[in-house]
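See the structure below:
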């Protein structure tokens, strides 16, 4: 299990972000920041990275106003690469989407997300993904 998980929820729906925050809390993850769009998420991500306290887990909505999840993801990965962070040391970025089409999933994977969850996010699906990446046992 990873210690001191710092999580970022990027979601334009306040109800969904609150629900995901409660689920993370239930799994013992309490250091959580919420961003309402991709632009704010990129700002928070860069600031945390430059401060030496990067996010280790990001739940990133695919479709959002201002800056979509795909674009935000690409910028986050560039920030990591410029900082010399790659592979297992990179943040676990989980795309969340209500669109369960093969094209959307291939687009998400090709843009370097770690994995994805189809909405609505359930406790079971979140538990499974958090276990898979060793955030919980």
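Residue numbers (the working numbering): 3 to 139.
Each residue gets a CB set at the ideal place from its N, CA and C atoms; glycine is no exception.
No experiment lies behind these values; they were computed from the predicted model shown.
- the region 69-87 contacting the region 26-34, beta-carbon criterion three pairs below 8 Å: no
- Query: For residue 94, which residues does DSSP report across the bridge?
  - Reply: Looking at the DSSP output, residue 94 bridges to 59.
- Query: How many angstroms separate the CA atom of residue 25 from the CA atom of residue 128?
  - Reply: Going by the C-alpha atoms only, they are around 8 Å apart.
- Under 8 Å by Cβ, that's how I've got residue 34 and residue 11 pegged, so tell me the actual separation to the nearest angstrom. 6 Å
- Just how far apart, CA to CA, sit residue 63 and residue 94? 14 Å
- Start and end of the beta strand (DSSP E) containing residue 117? 117-120
- For residue 84, does the count of other Cβ atoms within 10 angstroms reach 16, so buried, or fall short, so exposed? exposed
- Query: Are the CB atoms of residue 39 and residue 22 nearer to each other than 7 Å?
  - Reply: no
- Message: Give me the residue from 45, 14, 50 with the minimum Cα distance to residue 8.
- Response: 50
- Item | Three-state secondary structure assigned by DSSP to residue 138 | coil
- Query: In the DSSP assignment, what are the bridge partners of residue 8?
  - Reply: 33
- Sequence-distant residues of its chain with Cβ nearer than 8 Å to residue 115 (five each side left out): 62, 75, 95, 96, 97
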